[in-house]
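In what follows, a single structure is set out as structure tokens and then discussed.
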Amino acid sequence: MKIIMLGAPGAGKGTQAKLIAEKYQVPHVSTGDIFRANIKNGTELGMEAKKYMDQGQLVPDELTVRILLDRVAQEDCKNGYVLDGFPRTIPQAQVLDEALTKQGEEIDYAINVDVPDENIVRRMSGRRACVKCGATYHIEHIPPKVEGVCDTCESELILRDDDKPETVQNRLKVYHDQTQPLIDFYTKKGVLKTVDGTVDMQDVFKAITDILG
Ligand code: ADP
Ligand code: AMP
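Take the sequence shown: its position 27, counting from 1, is numbered 1084 in the numbering used here, and each next residue is one higher.
Structure below.
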């Protein structure tokens, strides 16, 4: 099963992608997580990506597409995956489409997690991410058991640099300009499903599993 998560930054794509990955036993592939891991390890790719991420801009398509195609070519993606944060532009979607078509494959579902802009800034200022395993929490809605500490690996939880309100406004603009057109792209392909992302995390997941079966 090949699934794409669509939605504004902070809509809950990562939260739901992790639940999907667990239930359907497919890898969770997040380009944002791949970039952040590279930044943490001080790689050249990480340094290049950071320039854009810190400003709330998209990392150039050429670089992003290469990273993604390499990742989905790995053995564990053979039976499918859930893509979180990719594609984010029409050219990225076209490259993915061409790569899949060559192999006689296609995307099964594009799940659009719908959350209005008003809710997004609040969501993102409350998001906390684990420095080690990347697990995400929300200080009000999905708090960790112990404040500031990851439930899974007990490492420190931080506010991402790009979750600061000034950067979030840029990211929302970029989303509307460059990513939202993908809703039309996947509607035309007949694979788009929209769920209400404003309800409780488990209720969003229920709506998604009703679609995926
Ligand atoms: P995205 O991957 O789309 O950027 P995340 O999954 O990281 O978004 O979610 C953004 C923030 O909102 C996180 O702090 C997360 O814990 C919180 N969150 C996710 N889903 C919900 C929900 N249904 N209700 C309230 N908060 C949520
Ligand atoms: P995310 O963790 O998905 O919110 O991504 C964080 C940041 O990484 C984004 O704001 C972009 O700067 C960059 N990024 C992640 N995925 C992509 C993508 N598919 N295309 C371009 N930039 C991306």
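Glycine included, C-beta positions come from ideal geometry on N, C-alpha and C.
Everything numeric in this text was worked out from a predicted model, so none of it was measured.
Presumed contact (8 angstroms Cβ cut-off) between residue i and residue j, rounded CB distance
{"i": "Y1243", "j": "A1167", "result": "4 angstroms"}
{"i": "K1080", "j": "T1266", "result": "7 angstroms"}
{"i": "R1128", "j": "V1083", "result": "Between V1083 and R1128 the Cβ distance is about 13 angstroms, and since that is not below 8 angstroms, they are no contact."}
{"i": "D1171", "j": "V1252", "result": "7 angstroms"}
{"i": "L1216", "j": "R1185", "result": "6 angstroms"}
{"i": "G1069", "j": "G1254", "result": "5 angstroms"}
{"i": "D1141", "j": "A1094", "result": "In fact, because the Cβ distance is near 14 angstroms, the residues do not count as touching under 8 angstroms."}
{"i": "V1248", "j": "I1164", "result": "6 angstroms"}
{"i": "T1193", "j": "T1072", "result": "6 angstroms"}
{"i": "I1268", "j": "K1250", "result": "5 angstroms"}
{"i": "K1107", "j": "I1091", "result": "Actually they do not touch by this definition, with Cβ atoms about 13 angstroms apart."}
Buried versus exposed call for residue i [16 or more other C-beta atoms within 10 Å across all chains shown]
{"i": "Q1131", "result": "exposed"}
{"i": "V1152", "result": "buried"}
{"i": "Q1259", "result": "exposed"}
{"i": "N1136", "result": "exposed"}
{"i": "N1169", "result": "buried"}
{"i": "P1238", "result": "exposed"}
{"i": "P1066", "result": "buried"}
{"i": "T1100", "result": "exposed"}
{"i": "V1203", "result": "exposed"}
{"i": "G1270", "result": "exposed"}
{"i": "M1104", "result": "exposed"}
{"i": "L1214", "result": "buried"}
{"i": "L1125", "result": "buried"}
{"i": "T1236", "result": "buried"}
Bridge-paired residues (DSSP) for residue i
{"i": "V1170", "result": "V1252"}
{"i": "L1063", "result": "N1169"}
Among the options, nearest to residue i - alpha-carbon criterion
{"i": "E1119", "options": "Q1073, I1061, P1148, A1074", "result": "P1148"}
{"i": "A1226", "options": "K1246, N1176, T1209, L1249", "result": "Contrary to the premise, residue 1226 reads as Gln rather than Ala in this sequence. The shortest Cα separation from Q1226 among K1246, N1176, T1209, L1249 belongs to N1176."}
{"i": "D1208", "options": "E1105, T1072, C1187, L1140", "result": "C1187"}
{"i": "S1212", "options": "A1106, K1230, G1191", "result": "G1191"}
{"i": "D1234", "options": "D1133, R1145, E1101", "result": "R1145"}
{"i": "D1111", "options": "P1117, A1065, I1268, D1220", "result": "D1220"}
{"i": "E1155", "options": "I1077, Y1232, V1122", "result": "V1122"}
{"i": "D1241", "options": "K1097, V1116, A1150, K1159", "result": "A1150"}
{"i": "I1077", "options": "V1139, D1090, E1162", "result": "V1139"}
{"i": "H1198", "options": "E1162, D1090, R1228, V1256", "result": "V1256"}
{"i": "L1229", "options": "G1071, I1091, L1125, L1115", "result": "L1115"}
{"i": "V1231", "options": "D1133, N1098, F1092, P1117", "result": "P1117"}
{"i": "C1210", "options": "K1189, E1162, G1103", "result": "K1189"}
{"i": "G1064", "options": "F1143, D1133, L1125, A1106", "result": "F1143"}
{"i": "E1223", "options": "I1061, I1091, G1113, F1092", "result": "G1113"}
Check: residue i C-beta below 8 angstroms from any heavy atom of the ligand HEM
{"i": "M1058", "result": "What this structure holds is the ligand ADP and the ligand AMP, not the ligand HEM."}
Beta carbon proximity, residue i to chain B, threshold 9 angstroms
{"i": "V1178", "result": "Given the protein chain composition of this structure (a single chain), no chain B is represented."}
- Message: Extract the residue ranges of the alpha helix (DSSP H) inside the stretch 1178-1238, only unbroken runs of 4 or more that lie entirely within it.
- Response: 1222-1231
- Message: Which complete beta strand (DSSP E) runs does the stretch 1077-1165 hold, if anything under 3 residues is left out?
- Response: 1085-1087, 1138-1141
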